[in-house]
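Written below as structure tokens is the structure these notes are about.
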Amino acid sequence: MSGASSRQSKYFTIGSVSKEIGLEPHVLRYWEKEFSEIRPRRISGRRLYRAIDVAYIKLIRHLLYKEGFTISGAKKRLKELKIKTIDDIEKYLSSQSLIQNRLSENKKPDLFKTLKEIKEELLDLIEFLD
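Numbering (the working numbering), first residue to last: 2 to 131.
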């Protein structure tokens, strides 16, 4: 394996990261300023992300969009998590995914119960109005 192909497999352009994660490039550039954990390399004027940068971006996206943290809240949460490796990030995201799945499974019966109660109240209201 040549050095050039080895380098390509270790680094990702902002365009490829943007597509993979589903965020616009300007969001990634903004997050670089806000989160010290994201440190892309600059090679020949190009911004190149390492795998750990991509993992942090996924984690930050999760904290902001799924858990509802603000930027300052996400910064605090990152410090609390004391993440050091990609495996740490993957374990956290995996555990959060399991929790979300269990919560959504538990909410379904409540939703049906609530809808049934609403239906009964509406039927009572119709009967009252007739």
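We treat Cβ as the ideally placed atom computed from N, Cα and C, and that holds for glycine. Model, not experiment: these values are computed from the prediction.
Identify the residues that DSSP records as bridge partners of residue i: which are they?
i, result
"R40", "DSSP, once it has assigned bridges, lists no residue as partnering R40."
"R48", "R43"
For residue i, does the three-state DSSP call read helix, strand or coil?
i, result
"Y12", "coil"
"L24", "coil"
"D88", "helix"
"K117", "helix"
"K80", "helix"
"L130", "helix"
Do residue j and residue i come within 8 Å of each other at the CB atom, strictly closer than that value?
i, j, result
"A75", "L65", "yes"
"L60", "L24", "no"
"V28", "V55", "no"
"R62", "I119", "no"
"A52", "I87", "yes"
"E121", "L79", "no"
Am I right that residue i and residue j are in contact with their C-beta atoms under 8 Å? What's the rounded C-beta distance?
i, j, result
"Y57", "Y12", "The pair is not a contact, with the Cβ atoms about 15 Å apart (cut-off 8 Å)."
"T14", "R42", "At roughly 11 Å, the Cβ-Cβ gap does not stay under 8 Å, so T14 and R42 are not in contact."
"E33", "I72", "Going by Cβ atoms, the distance from E33 to I72 rounds to 13 Å, so no, they are not a contact pair."
Problem - Segments of 4+ residues assigned as alpha helix (DSSP H) that fall wholly inside the segment 52–78 - result: 52–62
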